[in-house]
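Written out below as structure tokens is the structure these notes cover.
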Amino acid sequence: MPEHTVASRLQLSGLCFLLQILTIILFAVFVRYSPESSVGLCSQQLNCSWRNQDLGFQHPRFRDVRLQVLLGFGLLMAFLGRYGPGSVTVSILIVAFAIQWAVLIQGFLYFFPNDKIYVGAQSMVSADFCTAAILISTGAVLGRVNPLQMLLLTLLGVTLFALNEYILLSLMGVSDNGGSLTVHTFGAYFGLMVSRILHQPRVDKRKKQPDTGHQPDVFAVVGTIYLWIFWPSFTSATTVQDDTEPWAVLNTYFSLVASTLATFVLSPVLYEESTPRMVQIQDATLAGVAVMGMAGEMLVTPFGALIAGFLAGLIPLLGFRFLTPILHSRLKMQDTCGVHNVHGLPGILGALLLELVFPLVAQGSRTVATQALCQFCALHVPLLLVAEEGCERRASGKEPSTSTLV
Amino acid sequence: MPEHTVASRLQLSGLCFLLQILTIILFAVFVRYSPESSVGLCSQQLNCSWRNQDLGFQHPRFRDVRLQVLLGFGLLMAFLGRYGPGSVTVSILIVAFAIQWAVLIQGFLYFFPNDKIYVGAQSMVSADFCTAAILISTGAVLGRVNPLQMLLLTLLGVTLFALNEYILLSLMGVSDNGGSLTVHTFGAYFGLMVSRILHQPRVDKRKKQPDTGHQPDVFAVVGTIYLWIFWPSFTSATTVQDDTEPWAVLNTYFSLVASTLATFVLSPVLYEESTPRMVQIQDATLAGVAVMGMAGEMLVTPFGALIAGFLAGLIPLLGFRFLTPILHSRLKMQDTCGVHNVHGLPGILGALLLELVFPLVAQGSRTVATQALCQFCALHVPLLLVAEEGCERRASGKEPSTSTLV
Amino acid sequence: MPEHTVASRLQLSGLCFLLQILTIILFAVFVRYSPESSVGLCSQQLNCSWRNQDLGFQHPRFRDVRLQVLLGFGLLMAFLGRYGPGSVTVSILIVAFAIQWAVLIQGFLYFFPNDKIYVGAQSMVSADFCTAAILISTGAVLGRVNPLQMLLLTLLGVTLFALNEYILLSLMGVSDNGGSLTVHTFGAYFGLMVSRILHQPRVDKRKKQPDTGHQPDVFAVVGTIYLWIFWPSFTSATTVQDDTEPWAVLNTYFSLVASTLATFVLSPVLYEESTPRMVQIQDATLAGVAVMGMAGEMLVTPFGALIAGFLAGLIPLLGFRFLTPILHSRLKMQDTCGVHNVHGLPGILGALLLELVFPLVAQGSRTVATQALCQFCALHVPLLLVAEEGCERRASGKEPSTSTLV
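Residue numbers (the numbering used here), protein chains in the order written: chain X, 21 to 426; chain B, 21 to 426; chain W, 21 to 426.
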């Protein structure tokens, strides 16, 4: 990080103060706890499509709400741990802001004709999803933007995330409980686009930073452990259909296991070492959960989950070796933490798998196939949203337009 | 730590052995598992007011008992991780003893006319609360007392904690599910009082030890993550009224988030660095949960939780900068880990907030206001108890009496 | 680790690839998700004795299935963290394979006459148990076998574990929910036997490696914390009788606490330091949970759990001091991580305690005593299985037979 003068130090402090005061005022005016039933978030709302869950107080899923929030924060912390000790404080700043804004902006979208936003545990889980996506996109520009720019990007990212999620889940009816599209793919491509816009030819020295951690560091180990423990339960916590729950959990576990093994298969071929580094295992774990985000609930055979996980586990290694240099030299996109390889491509693979593999293995009815097709189309929404945003930014003169991603 | 001779080494070993044997004998004579229903701790007891929860076996909260114990230990471990690698072993010793004694002493208080103490999962949760308070007070004297003295202080602290909790919760009917008063305020002021009694003018070299951790250390990161994940669920796990549960969870999350931001606002103003250290963020997190201990269940608006958290997050920074030097020079109290700033003052703020802010934001009835007033009075009980204990100690000639805290 | 040539590197990669492809094919042919009710694993099966749990969809324990898998992975990760940063990657490889094979082999055993294996959440929990045992046995040979040999040992270990568990739980009806015999004792003695077979007189330099960690390392602290948090809930998650659940949890906590204290009592006597090292505390914690594996559900008094835990906490210290040198010099068994002291002996103590102490403290009926006797006999099954396996290996000429363990 560059030296911070007194002015820049107080700039960040002042901006935080102003934004927090503004948020408190907006909360005071608009946000209330759901009055009748503090759990059934929108039982009284007519136009409510909040994750399609009309939870009443007597609903058997009620007992899980607290567990969901618990898991949601476990997820956040797993991502947070991923960026290592040097950037944890900034990441915590982003988490703290993103959660508040996500509650606000998602509330405005879903409760639009009302004059109040009624929040409950579900809002917090949804805000966790949003913050996870922001943390992913942060990984693409880490070390190249200062905390002040990070805050502004967070504000922009939260808005786009909420819009993207609203279009996909509420308007198109896509099932994406594990967040393949809304969290992983959106987060990765938003981060890449920001990285492209912020491209400065001279600041290339931090590019190879994620490759330097040769000894298995504590944060990668703890992060991987958190992901193994919390993610599968998290995937299922947001599942709509009750009876598919255990499938989603088990599919995610099988995917995790196979993606880890794929690292052990490919890493000695591509690199010099006999066993993969801990960071590579963590990348494979993330890819394994990213690919199961959408398909987890639908895949009905364990070996399908094994194959999907195995393929997903190959992606980060191949991406870091072959794709990242091309992205950097041709498209001028520096992807500091490789989020494109770890989140972007596996998320897309998850959506593609549903389209290609699903009809072969499903014993399902026509509705399932239609759903899968619809899911595939849904893939293009985050890409379009991000691309459009990139164009707008470039059109506004901040960056000479050379090429686009999509 | 000073050099330990063979004698002092075996002293600690022998004392541990004697105390453990004594505890086992007391358990053998007095403690039994609750016979009829191992969950409904005191369903058959007439004079039972154990946290006001007459849980029967069919109660829907039954399924949470295991989760509560899980969370209770998560809480303990979060505090334990706070003291860094150097003092973890001693902290574990204290945890191991405090849990056993808390079960015994709380059992004696609540089951007094019976000849047996019937323990269940609730007793373990209650013992966890007590041990957390002991760990907090340990933070005030860390590095200045040897393990042997720690053990004796633990025995004293557990007894006072149980007495304090019994007066507040059972006799006065105060609602303090998150432990603002019973855990945070009691722990901090008991620790400060012990620190005052143990004051030795010449041993000042460790005073500034908590300020030396410049790089974000692993323990502070892991501790903060644990607190974010476990504490809000823990607050709600002990809530009496079923329908206020999600409020307590969400209030705690909003408070956490705002207190973290407050650190980013104030830290650059008071200190030279542009971003706060990880330890400061952890302090703010603790202050954010301490302030929500009592108010969490009662605050009925999200922005109230944001404001309370923001104010609480300012306290540790201001306290370390301005109050700790005064405490040390004027009142001769060395607060090694700054527990007064992190636990004591935010806990008091939580009790004050209930009194001052609550009537303004509540849509509540008169009962709520009376309850809040009663809570405010309850604030004085731990202070009095601790002060009295300090006087007794000083009266017994161990320390020249100069001034008192309260 | 020795230098790896290109050939040995690709050997591991190729073996992983072949085994993963083979596993996927076996999964494709044999493994399906349970069709009718994805939770009630074997509600439609006649010959089903899968942990004696015929869970239907309406069963109140249904809500815990996800928690069980969560806890199961917490357990795995606790063990994984035990082996320090240097060997985490290899341990993760073993975990990833062992889970898949455990699902397969346990499935073949329990669903034998069927042509398909129907897996559910219970299979995953059972596979977690198996993987934990494999990780324990890994601890005995860590640093002396290469990853390739580890993989083959894992395959062998999973098969023997499944056989052992099938004989104990299904044929003999032993109650071993915490895995005293199936996990701890089996894992330790299988590891010891492998260590004996692999004995090479010249490679003795890593023998004392576990004693070198003088400063309390992060992994030992995090591992201990995980065990304290997750293990007791895990013990109870697999309990058969609903009303004994809280006993199992509380017994495990009391045992944990007392075993930790035992370390503080004995460590200063045997070693030079005044407080035990973090690694010793972790060993005591593991011994404390190992001893409660079988007895946890049956002990009906808290002081019994305290005594059992206290005795178990003494074992690792005594074992490392007196037994490990004898094992190494006389029986040529190098136990790199001391699994015999930490898992083997406490597991046996747990089985013995049931036999010796149980009739004295139980208010129970005759059935309980018979059960305890049966449990005691069950102790010999893992020892015999492991011994026989050792003989077979030696008979096949890989090692000059000198002496056996049992």
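Ideal placement from N, C-alpha and C gives every residue a C-beta, glycine not left out.
For this session: Classify Y53/W as helix, strand or coil using the three-state DSSP reduction.
Result: strand
For this session: Jot down the residue ranges of each uninterrupted alpha helix (DSSP H) in the segment 344-371 of chain W, minimum 4 residues, whole runs only, in chain order.
Result: 344-350, all fully within the segment 344-371 of chain W.
Problem set entry | Contacts of Q302/B in chain W (Cβ-Cβ under 8 Å) | Those do not exist, as Q302/B stays about 16 Å from chain W at its closest Cβ, beyond 8 Å.
Exercise. Taking the Cβ atom as the reference point for each residue, do G163/W and F210/W lie within a distance shorter than 8 Å?
Worked result: no
Exercise. Using CA coordinates, which residue listed in Q354/W, Q40/W, L334/W, S349/W is at the minimum distance from L171/W?
Worked result: With distances taken between Cα atoms, L171/W lies closest to Q40/W.
Problem set entry | Nonlocal neighbours in the same chain, by C-beta distance under 6 Å from L32/X, ignoring five residues either side | P167, L168
Exercise. If you run the structure through DSSP and keep just helix, strand and coil, what is V165/W?
Worked result: coil
For this session: Can you pull the chain X residues whose beta carbon is under 7 Å from the beta carbon of P296/B, in chain order?
Result: T109
Exercise. Using CA coordinates, which residue listed in S349/X, F340/X, S146/X is at the minimum distance from L183/X?
Worked result: S146/X
Exercise. For L373/X, which residues in chain W fall below 8 Å Cβ to Cβ?
Worked result: Near L373/X there are no residues of chain W at all, since even the closest Cβ is about 15 Å away, more than 8 Å.
Exercise. What's the call for V289/B, buried or exposed, on a 16-neighbour Cβ count within 10 Å?
Worked result: exposed
For this session: Using three-state DSSP, classify S58/X as helix, strand or coil.
Result: Note that S58/X scores 39 on pLDDT, short of 50, meaning its location in the model is unreliable; the coordinates nonetheless yield the value given after this. Looking at S58/X - three-state DSSP - the assignment turns out to be coil, as it is neither helix nor strand.
Exercise. Are the beta-carbon atoms belonging to P296/W and T109/B less than 8 Å from one another?
Worked result: Contact flag set, yes.
Exercise. So H363/X and A208/X are in contact, right, with Cβ under 8 Å, and what is the actual spacing, rounded?
Worked result: 4 Å
Exercise. Any contact of the segment 124-135 of chain B with the segment 272-290 of chain W, i.e. 3+ C-beta pairs under 8 Å?
Worked result: With a cut-off of 8 Å, the segment 272-290 of chain W and the segment 124-135 of chain B do not count as touching, because too few Cβ pairs lie within range.
For this session: From the DSSP output, read off the bridge partner residues of I137/B.
Result: V51/B
Exercise. So S294/B packs on R29/X, CB below 8 Å; how close in whole Å?
Worked result: S294/B to R29/X, Cβ: 4 Å. Contact.
Exercise. Between L365/B and S190/X, what straight-line distance do the alpha-carbon atoms span, to the nearest angstrom?
Worked result: Distance from the CA atom of L365/B to the CA atom of S190/X, rounded to whole angstroms, is 46 Å.
Exercise. If you run the structure through DSSP and keep just helix, strand and coil, what is E185/B?
Worked result: helix
For this session: Over the uninterrupted alpha helix (DSSP H) stretch that includes G127/B, give me the two end residues.
Result: 108-130
For this session: Report the three-state DSSP secondary structure of Y273/X (helix, strand or coil).
Result: helix
For this session: Counting only the same chain and skipping the five closest in sequence on each side, list residues whose C-beta sits under 6 Å from that of L306/B.
Result: V362
Exercise. Under the rule that 16 or more other beta-carbon atoms within 10 Å means buried, what is P133/B, buried or exposed?
Worked result: Sixteen is the threshold: since fewer than 16 other Cβ atoms of the shown chains lie within 10 Å of the Cβ of P133/B, the residue is exposed.
Problem set entry | Residue-chain proximity (I335/B, chain X), Cβ-Cβ < 8 Å | Taking Cβ atoms only, chain X never reaches closer than 8 Å to I335/B, which makes this a no.
For this session: Classify D148/W as buried or exposed, calling it buried when 16 or more other Cβ atoms lie within 10 Å of its own Cβ.
Result: buried
Exercise. Is the shortest distance between the beta-carbon of R52/B and the beta-carbons of chain W less than 8 Å?
Worked result: Judged by the 8 Å Cβ criterion, R52/B is in contact with chain W.
Exercise. Distance, Cα to Cα, T43/B vs Q120/B?
Worked result: Computed Cα separation, rounded: 7 Å.
Exercise. Beta-carbon of A310/B versus every beta-carbon of chain X: anything under 8 Å?
Worked result: no
Exercise. Is it the case that the Cβ atoms of V311/X and C36/W are separated by a distance below 8 Å?
Worked result: no
Problem set entry | For I327/W, the nearest candidate out of A282/W, M298/W, T344/W (CA to CA) | A282/W
Problem set entry | DSSP three-state assignment for G333/B, whether helix, strand or coil | helix
Exercise. Using CA coordinates, which residue listed in C150/X, A141/X, D135/X, I137/X is at the minimum distance from V115/X?
Worked result: C150/X
Exercise. For the alpha helix (DSSP H) that contains M213/X, what are its first and last residues?
Worked result: 206-217
Exercise. Can you tell which of V139/W, A153/W, A304/W, H219/W has the C-alpha that lies nearest to the C-alpha of T202/W?
Worked result: A153/W
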